[in-house]
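S.K.:
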Amino acid sequence: MSPERRLSRASFGARATFALAGALCAVWTVRMPALQSKLGLSDAQLGLEVLGWGVGALITMLLAGRILGRHGSRRVLRAALPATAVSLALVGLAPNYALLIAAGLVFGLCFGLVDVAMNTQASTVERRYGRPLMGRMHAGWSLGAVAGGLLGAVTAWIGLGFTAALCVVAVLLLPAVLAVGPTYLGADPSTGPSADPPTDSHGASDAADPAGSARHQAARRAAPKPRLPMLVFLFGALVFCSYLAEGAVADWSGVYLHDTLGATEVVAALGYPMFEACMFVGRMRADRLTLRFGARRLIITAGLASAAAFALVAAAPVPMVGLVGFAAVGLAVCTVTPLVMSLAGAAGGAQTERAIAAASTMGYSGLLLGPVAIGFVSTASSMHLGYALTAGVVCLAIALGGRFVPRGQHIRPVEPAAQPAATAAPPTRRAHEPCLARGSSA
């Protein structure tokens, strides 16, 4: 297979992975009422179940840098993505609350690895191309979330319960999950687990000397890891804010539309799909916007626009205005997470896996804390004030944090490992390769 086709296939595989992950999560999310009915759960018990999912994801995210550094995103995704689909069925099959918590924790453990690994894989593809692609990768998530939400709605419409719905969806998606595995790329040349084995001064590979290779691997594991650049943690803080804003919509939009604005259950259920659909539209344009305006300006603008959109949500007098507000939030905040994840991977250099794991972990903290913060504020006052203070202030923080992003921060292209001169492609063919030679000008 030619390098161009291999890279194109990997790009499709990464986008498909985001879509599958989004679909797996969305089906569970939209069938939450059926889960409550099945086990007779209170709102607090349901919230604890969601928290267990998030805690499981955080646990593996804390370990993901080490796991990915040793095995690479390709191997991790090939194992963790099918495990996530299987664990979704386990959630559906849980016969009581204790086993539901355990199954949710397992789902979170698997999904946490998938989240970091698919962002790492996307960063690898993006750097091979040498131009922004993360926006379209995350657009795959939004498309998958919309499709998964609609699929969940169909299972409810035809009368499937929570158990049958999750098991059917897991079985339907598992073949696609397995099919996407061969598309993944190995790590960046000479920086990751799939790099060629090191050679000695005479050009002999350690592969010919198992003892030497073992000594090299042991020495590499024992060597102290260099510290991540502080810039990675700035990007992690921005992901924290972005995830908090997204979580505010995912977890509270339905409750806000139904209980506060008086929408019917059908109308209230449209809030999250509309948000994700607008996220998809915006993310499909995000990469071009990054090339045109630059990361710094785009992040600042997204933060200010998101704050304005949440102000519209908080001031909404009727459900339709609330729906428009949530759609506006999706369009405004859609660029932040993919752009900042991309910058974190680039800032990490040879430590791409650790950098993205750190940013993802900080981001998921926001995903867990945001809905809790809004819940406390709304309980003490109102949901209007909860959205205005929590989400609005966080979006202003994105705009403020964006000012600290260095000017000219961009994706650095990564060239594939050099081929022997005898097998190198003629220079005239390089013009047809997808940005491997042209960098970010394509």
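Here the working numbering is used: the first residue of the sequence shown is 85, the next is one more, and so on. Yeah, the Cβ is synthetic: ideal placement off N, Cα and C, and Gly gets one too. All of these numbers come straight from a predicted model, not from anything done at the bench.
1. Once DSSP output is grouped into helix, strand and coil, what is the label at Pro179?
2. DSSP on Pro511, reduced to helix/strand/coil?
3. Between Ala475 and the rest of its own chain, which residues show a CB-CB distance below 6 angstroms, the 5 nearest in sequence each way excluded?
4. By how many angstroms is the C-alpha of Ala442 removed from the C-alpha of Gly136?
5. Pick helix, strand or coil for Pro497, following the three-state DSSP scheme.
6. Would the beta-carbon of Leu427 fall within 7 angstroms of that of Gly409?
7. Can you tell me whether Cys418 is helix, strand or coil according to DSSP?
8. Quick one: Cα of Val478 to Cα of Ser171, how far?
9. Let's test the definition: count the other Cβ atoms within 10 Å of the Cβ of Ser226 and tell me whether it reaches 16, buried, or not, exposed.
10. How far does the alpha helix (DSSP H) with Thr374 in it extend, from its first residue to its last?
11. Can you tell me whether Ile82 is buried or exposed, with buried defined as 16 or more other CB within 10 angstroms of its CB?
12. Name the two residues that bound the continuous alpha helix (DSSP H) containing Gly228.
13. Could I get the ranges of all uninterrupted alpha helix (DSSP H) runs contained in the stretch 99-137, with 4 residues as the minimum, in chain order?
14. Leu189 and Leu140 - do their beta-carbons sit closer together than 7 angstroms?
15. So the alpha helix (DSSP H) Ala260 belongs to, where does it begin and stop?
16. How about Leu145 and Val200: do their beta carbons lie closer than 7 angstroms?
17. Mind checking Val264: buried by the 16 CB within 10 Å criterion, or exposed?
18. Where does Ala103 land, buried or exposed, given buried means 16+ other C-beta within 10 angstroms?
19. Do Tyr327 and Leu161 count as a contact pair if the criterion is CB distance below 7 angstroms?
20. Quick check on Asn203: buried or exposed, where buried means 16 or more other Cβ atoms within 10 Å of its Cβ?
21. Closest to Cys325 by C-alpha separation, out of Ala110, Leu423, Ile482 and Leu147, would be which residue?
22. Using the beta-carbon count (16 or more within 10 Å), is Asp371 buried or exposed?
23. Determine the burial state of Met467: buried for a count of at least 16 other Cβ atoms within 10 Å of its Cβ, exposed for fewer.
24. How close, in whole Å, do the beta carbons of Leu318 and Gly485 come, if the pair is a contact with beta carbons under 8 angstroms?
25. If Val255 and Gly447 are in contact, beta carbons under 8 angstroms, what's the gap, nearest whole angstrom?
26. Starting from the Cα of Pro401, find the closest Cα among Arg212, Thr344 and Thr445 and give me that residue.
27. Going by DSSP, what residue range makes up the alpha helix (DSSP H) through Ala481?
28. Note the first and the last residue of the continuous alpha helix (DSSP H) segment covering Ser465.
29. Using 8 angstroms as the Cβ pair cut-off and three pairs as the minimum, do the stretch 354-364 and the stretch 372-381 touch?
30. Alpha carbon to alpha carbon, how far is Met314 from Gly124? Give it in angstroms, no decimals.
31. How should Asp284 be labelled, buried or exposed, when 16 other C-beta atoms within 10 angstroms of its C-beta is the threshold for buried?
32. So Leu315 is in the alpha helix (DSSP H); what residue range does that whole segment cover?
33. If we ignore side chains and look at the alpha-carbon of each, how far apart do Ala229 and Leu312 end up?
34. From Trp241 to Leu262, what does the alpha carbon distance come to, in whole angstroms?
35. Thinking just about the alpha-carbon of each residue, which of Val417, Glu88 and His342 is nearest to the one in Phe364?
36. Give me the Cα-Cα distance between Ile185 and Arg215, rounded to the nearest whole angstrom.
M.R.: Looking at the atomic coordinates:
1. coil
2. Interpretation of Pro511 is limited by its pLDDT of 37, a score under 50 that renders its predicted location unreliable; no figure is taken from the coordinates.
3. Ala329, Ala332 and Phe394
4. 20 angstroms
5. Because the pLDDT of Pro497 is 46, which lies under 50, any placement of that residue in the model is unreliable, and the question is left without a value.
6. no
7. coil
8. 33 angstroms
9. Buried, because 16 or more other Cβ atoms sit within 10 Å of the Cβ of Ser226.
10. That run of the alpha helix (DSSP H) goes Gly355 to Phe377.
11. This structure cannot speak to residue 82, because the chain is shown only from 85 to 526.
12. Met218 to Trp241
13. 116-123
14. Correcting the residue identity first, residue 140 is Gly in this sequence and not Leu. Closer than 7 angstroms, so yes.
15. Phe246 to Ala263 is the span of the alpha helix (DSSP H), which, as asked, contains Ala260.
16. The amino acid at residue 145 is misidentified as Leu; the sequence shows Met. In contact: Met145 and Val200 (Cβ atoms closer than 7 angstroms).
17. buried
18. buried
19. no
20. buried
21. Ile482
22. Its Cβ being crowded by 16 or more others within 10 Å, Asp371 is buried.
23. buried
24. 7 angstroms
25. Wrong, their Cβ atoms sit about 30 angstroms apart, outside the cutoff.
26. Thr344
27. In the DSSP annotation of this structure, the continuous segment of the alpha helix (DSSP H) that includes Ala481 starts and ends at Gly476 to Gly486.
28. That residue, Ser465, is in no alpha helix (DSSP H); it is neither H nor E in DSSP.
29. no
30. Looking at the two C-alpha atoms, the distance is approximately 47 angstroms.
31. Residue placement at Asp284 is poorly supported in this model, since its pLDDT is 42, which falls under 50; the coordinates still yield a value, given next. Answer is exposed; the Cβ neighbour count stays below 16.
32. Met314 to Val339
33. 32 angstroms
34. Rounded to whole angstroms, Trp241 to Leu262 spans 28 angstroms at the Cα level.
35. Val417
36. 42 angstroms
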